[in-house]
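Protein chains in written order, with our numbering: chain L, 101 to 447; chain V, 101 to 447.
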DNA sequence: CTGAAAGCGCTTACAG
DNA sequence: CTGAAAGCGCTTACAG
């Protein structure tokens with residue numbers, strides 16, 4: 101492996117000049133710059149990142165905090181894959197790489213109620229590796245733990261968690277607008293009793309979707325009915341159970357807006373178990389547009405999130421903090437209603 | 101941020117001693133070791149990884165090569181999430197972290213036919229960051245590109261690709277055994293014309309599954325019939341198209357083994373489109389046990405892979421190479437036949 | 001525009 | 001068992 105010193109010797113310049121060629125090319129004369137660049141290419145030279153990080157006091161890596169509660173093995177992010185893809189390609193085009201942080205506590209026991217294995221251990225990792233910034237993925241539970249990061253001073257961008265701090269921002273879908281659109285669509289199809297199965301209390305996207313549901317009802321001049329609002333937890337099982345409860349009401353809904361596709365699928369199964377046809381007897385709309393949505397029968401009408409856009413937007417926000425001094429405002433990604441068969445609007 | 105020097109001063113020892121306490125505790129007297137450890141804990145000291153990597157010529161990071169062809173945006177790993185989870189928790193318990201490698205070419209155009217954005221660029225990253233090892237995730241296409249890594253000399257473990265080299269090994273499911281079991285199961289249910297929709301040619305797991313299919317037929321004393329073997333590409337659409345073709349045969353199959361759940365779902369849809377009932381008119385079995393499998397109707401009988409085990413096994417193999425000198429043999433993970441409704445064996 | 005020198009924070013033979 | 005010293009490969013004021 102060739103070093104800057106060797107390259108410098110070969111070129112008849114000092115290591116300082118070599119360094120400048122790669123870091124502030126403008127400060128080097130065109131002739132020597134081109135010469136160094138050419139030889140570097142020939143020797144396949146590239147700077148040692150450890151040395152670089154050490155002297156700069158900052159690495160070219162961004163930490164990814166994605167902590168899953170192992171007591172709940174079923175937990176899954178609805179679209180982690182697209183998110184990572186978006187993140188890594190956007191970051192790499194600016195020379196940054198993603199370091200997946202894990203504490204040694206990972207996979208072990210943790211204090212009940214702790215939403216993160218150990219925020220302090222993560223912050224520690226951050227210092228050890230001299231990370232340039234942090235991407236925080238909502239672990240689905242208590243988001244307060246994230247504030248530790250937001251206050252650590254380094255650039256942070258959270259996904260689906262309202263993070264605030266001097267150098268912290270976040271990206272999320274426009275959950276309220278998406279939910280409202282879904283409800284309006286159902287109302288336009290003639291439904292008057294539109295129920296909702298919400299996400300867990302305290303979860304920001306869940307709250308926003310409920311808000312959107314209410315807004316959608318209002319816009320369609322429909323009354324809010326407490327008996328048509330039930331609380332789920334985003335997972336399929338809760339969709340099943342809550343749907344069963346809704347269907348047992350005196351006046352059951354003719355349409356249901358579930359705050360996640362997982363729950364919508366559960367609702368579909370519950371309707372079938374109750375001998376009802378979807379969308380004939382009851383219409384169902386979900387949220388997310390995960391892969392399953394198009395595979396179930398009937399195919400699920402749902403509010404699609406811009407999955408790849410999440411990663412790109414997060415990377416974008418982070419990069420403006422890394423390269424500049426300003427903290428970008430929160431990003432709210434537009435959603436899109438994908439109409440399939442479960443809402444009955446197709447002929 | 102406190103450094104080793106500061107810690108040393110506080111403890112009245114040299115930095116060399118501080119370093120030894122953290123790296124070869126056995127070479128330090130118990131008294132000074134405990135003293136240094138205590139003070140270190142009080143000051144929340146932890147060594148700077150960049151400095152460490154620089155002087156050791158090797159970082160505590162493992163690179164993850166997961167290159168997806170962006171020309172094919174639909175490509176997805178059947179269980180990336182579990183895999184990453186398994187990897188990161190196993191690695192972190194030994195102090196290693198995962199660095200998601202990306203070349204700046206990511207998301208841009210690439211040479212047609214190139215299976216990896218640029219293997220050389222990845223190897224380059226590997227040197228720059230002084231990575232301790234590499235985890236290679238099959239990108240679903242030409243696996244030859246991986247040999248560049250295997251020959252780079254550093255510890256490599258590939259997933260689902262037969263990688264060989266001085267310090268290279270791989271982990272995969274026992275695809276043949278799993279497929280054979282699925283076929284035997286169908287035969288035991290009385291099926292005589294069992295078809296298969298294979299994965300793409302040249303793909304190792306696909307080949308092994310086909311092999312298992314043939315073995316299963318042999319074990320059940322069933323003849324191999326060319327008209328009952330069609331080639332898919334692991335994706336749903338191909339399952340749909342190939343199933344339609346199978347159903348159009350003179351003597352259509354009464355059961356189909358699809359080499360992936362995605363294709364099995366496609367097959368399910370094709371059967372339905374043809375007015376056939378599953379499993380009444382034709383039985384279907386898949387492979388993978390992805391989330392969708394239990395959500396479709398009828399729920400899919402499938403060969404489950406040990407998703408979390410993949411990550412753990414890969415990390416294990418890598419760790420023995422990182423900490424020792426031996427190269428572990430390939431790992432073949434057992435599969436498990438999960439019987440649901442699509443094969444008709446349940447009453 | 002360029003070079004000499006100090007420094008980033010560790011680890012590791014080498015002496016003692 | 002411990003310390004002094006060299007070295008890992010860069011970057012960055014500071015002079016010139």
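Glycine included, C-beta positions come from ideal geometry on N, C-alpha and C.
Small disclaimer: the values here were computed from a predicted structure and weren't measured.
Contact between the stretch 267 to 282 of chain L and the stretch 421 to 435 of chain L is present: three or more C-beta pairs spanning the two stretches fall below 8 Å. Under DSSP, residue 404(L) forms a beta bridge with 388(L) and 436(L).
Taking a Cβ-Cβ threshold of 8 Å, none of the residues of chain L is close to residue 140(V); the smallest such distance is about 12 Å. Of the candidates 381(L), 259(L), 150(L) and 350(L), the residue whose Cα lies closest to the Cα of residue 230(L) is 150(L). Shown here, residue 313(L) sits in a helix according to DSSP, grouped into three states. Within the same chain, Cβ atoms closer than 7 Å to the Cβ of residue 426(L) are found at 420, the five residues on either side in sequence being excluded. Judged by pairs of C-beta atoms under 8 Å, the stretch 375 to 390 of chain L does not touch the stretch 318 to 328 of chain L, as fewer than three such pairs exist. Contact check for residue 104(L) against residue 145(L) passes: the beta carbons are separated by less than 9 Å.
The three-state reading of DSSP puts residue 197(V) in strand, counting E and B together.
Bounds of any beta strand (DSSP E) do not take in residue 226(V); it lies within the alpha helix (DSSP H) bounded by 219 to 228.
Residue 234(V) has a beta carbon lying at 9 Å or more from every beta carbon in chain L. Under the Cβ distance rule, residue 101(L) counts among the residues neighbouring chain V, one pair being separated by less than 9 Å. Between the beta-carbon of residue 367(L) and that of residue 329(L) there is about 14 Å, and that puts the pair past the 8 Å contact cut. For residue 445(V), the three-state secondary structure derived from DSSP is coil.
The CB of residue 137(V) never comes closer than 8 Å to any CB in chain L; the least such distance is about 16 Å. Counting along the chain, the unbroken beta strand (DSSP E) around residue 235(V) starts and ends at 233 to 237. Spatial neighbours of residue 394(V) in its own chain (CB-CB distance under 8 Å, excluding positions within 5 residues in sequence) are listed in chain order as 400 and 440. Annotation: the continuous beta strand (DSSP E) that includes residue 273(V) extends over 268 to 273. If you draw a straight line from the Cα of residue 316(V) to the Cα of residue 372(V), it is about 27 Å long. According to DSSP, residue 329(L) shares a beta bridge with 296(L).
What residue 147(V) touches in chain L, judged by beta-carbon distance under 9 Å, is 228, going in chain order. DSSP links residue 161(V) through a beta bridge to 197(V). Looking at 418(L), 202(L) and 238(L), the one whose alpha-carbon comes closest to that of residue 218(L) is 202(L). Rounded to the nearest angstrom, the Cβ distance from residue 319(L) to residue 336(L) is 29 Å, too far for a contact under 8 Å. Sequence-distant partners of residue 195(L) (beyond 5 residues in either direction) whose C-beta falls short of 7 Å from its own C-beta, in its chain, are 160. The three-state reading of DSSP puts residue 259(L) in strand, counting E and B together.
At least one beta carbon of chain L lies nearer than 9 Å to the beta carbon of residue 144(V). Within chain L, no C-beta atom comes nearer than 8 Å to that of residue 105(V); the closest sits roughly 14 Å away. Bounds of the alpha helix (DSSP H) holding residue 341(L) are 336 to 347. In the DSSP annotation of this structure, residue 113(L) is not part of any alpha helix (DSSP H), being labelled neither H nor E.
In this structure, the alpha-carbon of residue 125(V) lies about 15 Å from that of residue 141(V). Short of 6 Å from the beta carbon of residue 379(V), and not among the five residues preceding or following it, lie these beta carbons of its own chain, in chain order: 442, 443 and 444. The straight-line gap separating the alpha-carbon atoms of residue 234(V) and residue 283(V) is approximately 36 Å.
Spatial neighbours of residue 360(L) in its own chain (CB-CB distance under 6 Å, excluding positions within 5 residues in sequence) are listed in chain order as 334, 387 and 388. Cα atoms of residue 292(L) and residue 257(L): separation of roughly 40 Å, rounded to the nearest angstrom. Within the same chain, 108 come within 7 Å of residue 114(V) by CB-CB distance, once the 5 residues on both sides are set aside.
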